[in-house]
Each structure stands twice: as C-alpha cells, then as structure tokens.
Amino acid sequence: MRRPIIHSWLLLCVALCAASASVPAPAQLKTRNVVLIVSDGLRWQEVFTGADRSLLDDPKGGMWESAASLKKRFWDDDPAARRRLLMPFMWDVIAKQGQLFGNQEVGSIAQVTNGVAYSYPGYNEMLTGHPDPRIDRTDIDGNNYGPNPNVTVFEWLNGRPGLKGRSAVFGSWTWFTDVFNESRSHLDLRVGSRLPPTDKPTPRRALLERLYRTTTGQEEGEVPDSFVQARLLDYLKTNHPRALFVGYGETDDWGHAGRYDLILEAVHHLDLFVHELWVTMQSMPEYRDKTTFIITTDHGRGSGLVDWKEHGIEEKGSENIWIATIGPDTPPLGERHGPPAVAQAQIAATVAALLGQDYRSAVPLAAAPLPVLSGN
Ligand SMILES: [Zn+2]
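Following the working numbering, the numbering of the sequence shown begins with 39 at its first residue and continues without gaps.
And the structure:
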C-alpha cells in the first residue's frame, strides 16, 4: 500500500477553521439524522430509464439468465414503467416525496468533478466536498492511494458538539478504511470482511461469522451487499447514529464482471435495501420524520455494447452520476427537469447542512450544498 503525502497546511486549515466555524441555527430544519447511501458505479441510465434493451438482446450483455426471463421481470416498452420495475422504491416513493437529479434526457446534469471517474476519487469528492489532484490520478492504481489526507464530513461531524461519536460507516468495500482514514478519524467503521470481536456470542453471530469466513468475495476483503444490510439492520437495534454512511458495491462488481443480468439483480436489491432501511428507520422514534436520505453513486460508466462494463477517462460519460434525496426538509419536487447542474462535490456540505452544520466554514474548498433544502 502506497503511503500518502500528508499536506499539513490543509489539515491545519481544517483544524483552525473548525474552531471558528459559526454553527447555523438548525431550528428551521426537521432533519436530525442523515444517511448517505452509495451504490458503487450504478449508471444514471439504469436509474432513469431502467434496463438497457441493447444489452438484454445482445450476447455482449454477458447474461447467463435468459433474455426472455429477464425481460419478463425488468422490461416494459414505456421507460417510466420500466424504471419502476427495476427500482420500485425509487419511483413509487422517492420520486414522489423527494427529488432526483441526473436524468440527462430531461436536462438534468449531475457529474463528478475529479476528472477520473473511479471509486476512491469519487468517495473523496463526495465526502470532503472537493476533488484532490493527489488522489485523482491515473498513473497509480487509483484506489490504492492509501489513507486519505483529507478530513471527510463524517470525521468532521463526529467531532462537533452534540454529534460526537454519532457517526457510523458501513460498506462492502474494504478500502473505506483508507477513504475515511480510519486510524486518524477513529470513526466506527464496519466495512469489508472484518467482523469485530464480540463478548456476547449468539447463534446468529456464529452464523454471520461462518458466512463471512466462507463466502467467496468478488474482490479481496469484500463482502456481498446482503451481508452489509444484515449487519446494519442489527446495528440499528442498539445504535442510533445521526450521520450514517452505507456503501453497497455489487452494482460495480457485476459491471466489471461483464454480467448485465446481475447488474439488474443488484440494482433491484439495492432498491430493496434502501426501502428496508427507510421503513426500519421510520418505525423508530429516534428517526421517524426526522431523517434525510441522500442516495447516489461514486461514478458512472461507459455506454454502448462494450464500455458499460468499465469506467474512467477512457469510457466516455463515466463522469455522469445521479443523486436522489428524501426527507422532511426536501420539497417533493420529484424528478428534476432542467435544474442547474449539480456536482458530486456538493454532497459533503449537504450532509452537514441537514444537521445544521456549516462544513464550508471548516473546509473552504468544499462546494456549496445541493439545492434540495427548503429555501435554498
Ligand atoms: Zn469499478
């Protein structure tokens, strides 16, 4: 693992600026908890137009499941019906009660600004509010940058009055330990195939340990999204984080594997996981009617019969993403038609603003919050 060059001026600025940051009165906001959910490498095309006919019909879709059976589940000639077949919670609930950015077919642009469109730079951009040329490189294996020299909004929030120790990070990808700089941030990270020791062994725990130990991951140290979800739902029974990050990885993994049928399956599961999380949290007094979800992706992918598998500067269009929000402070404008372009970098300040915190006072490089709160 490559060691990063720590730019101390940036850390110093973060520390000094944080000390003098003014805290906006959160009284006007109903939100008390924020959940940032990321589905790795899920294209805007699938979110807004559902399954891609050309990939269902052509062997280049790499499908093992028959096209006929996939079409039965995920195809309709009407794009509005088709996308709902793939992501029912997104289109039945979020599109009615929240907002969605990124459908280029209706003039909505959402993009990464890091210039490389792969995972670590994307997570860094959304979590710190700005791209970083030290990380946004193509001359090294980009995801192997090492511990993030930048302070993520979750690390920053975790030190704020009233929010101390109230952040948590769940994810299938083991390298979130670097993205969130675990050794510096001391965030509660439950990522990859690590299971922390417990002093209360139960049959459920023994089963989980066995599955973690014996399931073949797609990438070293990675677990299936369903494992992340099971742990997260258990965790919420006894822990009530106010800033929660959840990273699901299969939408990217199956893309690289060239399996369009399993991308569709993974997107459908992702939608189910978000639905499940929403219903679970709305049933809890700590979260009911005071929790906002932001759902997005770290990068897009290429298009056509070949480039859909990969992402990066070679695959044109990989910079295009999508962002959805739902919560008590998000006006129900649904799918946005022709709004101002938005950027991935705006997510960090949005997470903070929803909790009544001004992240930009601490990190001036960070982009302004997304226009999803009432009155902004
Ligand atoms: Zn990828």
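Here a beta-carbon is modelled for each residue, glycine too, at the ideal position from N, C-alpha and C. It should be emphasised that the depicted structure is a prediction, and the values quoted were computed from it without experimental measurement.
Asked: I'd like to check one pair, VAL191 with PHE214: are the Cβ atoms closer than 8 Å?; Found: no
Asked: Count the other CB atoms within 10 Å of the CB of VAL454; is the residue buried (16 or more) or exposed (fewer)?; Found: Only positions 39 to 414 of the chain appear in this structure, which leaves residue 454 out of reach.
Asked: For GLY145, tell me which candidate among VAL380, GLY394 and LEU403 has the shortest Cα-Cα distance.; Found: VAL380
Asked: Compute the Euclidean distance between the alpha carbons of ASN358 and LEU80, then round it to the nearest angstrom.; Found: 10 Å
Asked: For GLY160, I'd like the list of residues in its chain whose CB is within less than 7 Å of its CB, leaving aside the five on either flank, ordered along the chain.; Found: VAL150, ASN152, ASP336, HIS337 and GLN382
Asked: Since ILE333 sits in a beta bridge, which residues does DSSP pair it with?; Found: ILE75 and ALA362
Asked: Would you mind working out which of ASN219, GLY197 and TYR158 sits nearest ASP78, comparing C-alpha positions?; Found: TYR158
Asked: Can you have a look at VAL266 and say buried or exposed, based on whether 16 or more other CB atoms are within 10 angstroms of its CB?; Found: buried
Asked: Considering only C-alpha positions, which residue in the set ALA295, VAL305 and SER221 is nearest to LYS98?; Found: ALA295
Asked: Looking at PRO407: is its Cβ nearer than 8 Å to the Cβ of ALA391?; Found: yes
Asked: Verify whether the separation of the beta carbon atoms of VAL154 and ASP174 is less than 8 Å.; Found: yes
Asked: For ALA89, report the span of its beta strand (DSSP E) as first-last.; Found: That residue, ALA89, is in no beta strand (DSSP E); it is neither H nor E in DSSP.
Asked: So within the region 106 to 143, which uninterrupted alpha helix (DSSP H) runs reach at least 4 residues, ignoring any that extend past its ends?; Found: 117 to 124
Asked: Give a single yes or no on whether SER157 has its beta carbon closer than 7 Å to a heavy atom of ligand 1.; Found: yes
Asked: With a floor of 3 residues, list each beta strand (DSSP E) that falls wholly inside the region 205 to 262, ordered by position along the chain.; Found: 205 to 209 and 226 to 229
Asked: Return helix, strand or coil for VAL344, following the three-state DSSP convention.; Found: coil
Asked: Decide if SER60 is buried, meaning its Cβ has at least 16 other Cβ atoms within 10 Å, or exposed.; Found: Its pLDDT being 38, under 50, SER60 is placed unreliably in this model, and the value from its coordinates should be taken loosely. Per the 10 Å Cβ criterion, exposed.
Asked: Taking the alpha-carbon of ASN71 as reference, which of ILE332, HIS349 and LEU343 has the nearest alpha-carbon?; Found: ILE332
Asked: Leaving out five residues before and five after THR236 in sequence, what residues of the same chain have Cβ atoms less than 7 Å from its Cβ?; Found: ARG243
Asked: Going by C-alpha distance, which of LEU138, TYR397 and ILE385 is nearest HIS375?; Found: LEU138
Asked: Indicate whether SER223 and GLU193 have their beta-carbon atoms separated by less than 8 Å.; Found: yes
Asked: Relative to ligand 1, is the shortest distance from any of its heavy atoms to the C-beta of ASP290 smaller than 7 Å?; Found: yes
Asked: Count the other CB atoms within 10 Å of the CB of THR330; is the residue buried (16 or more) or exposed (fewer)?; Found: buried
Asked: If you follow the beta strand (DSSP E) that LEU282 is part of, which residue opens it and which one closes it?; Found: 281 to 286
Asked: Run through DSSP, which three-state label would ASP396 get?; Found: coil
Asked: Using the DSSP secondary-structure output, state which residues sit across from GLU373 in a beta bridge.; Found: LEU138
Asked: Does the beta carbon of GLY79 fall short of 7 Å from some heavy atom of ligand 3?; Found: With respect to ligand 3, the structure offers nothing, as its ligand set consists of ligand 1.
Asked: Mark ARG248 as exposed unless 16 or more other C-beta atoms lie within 10 angstroms of its C-beta, in which case mark it buried.; Found: exposed
Asked: Does the pairing of the region 115 to 133 with the region 80 to 93 give three or more beta-carbon distances under 8 Å?; Found: yes
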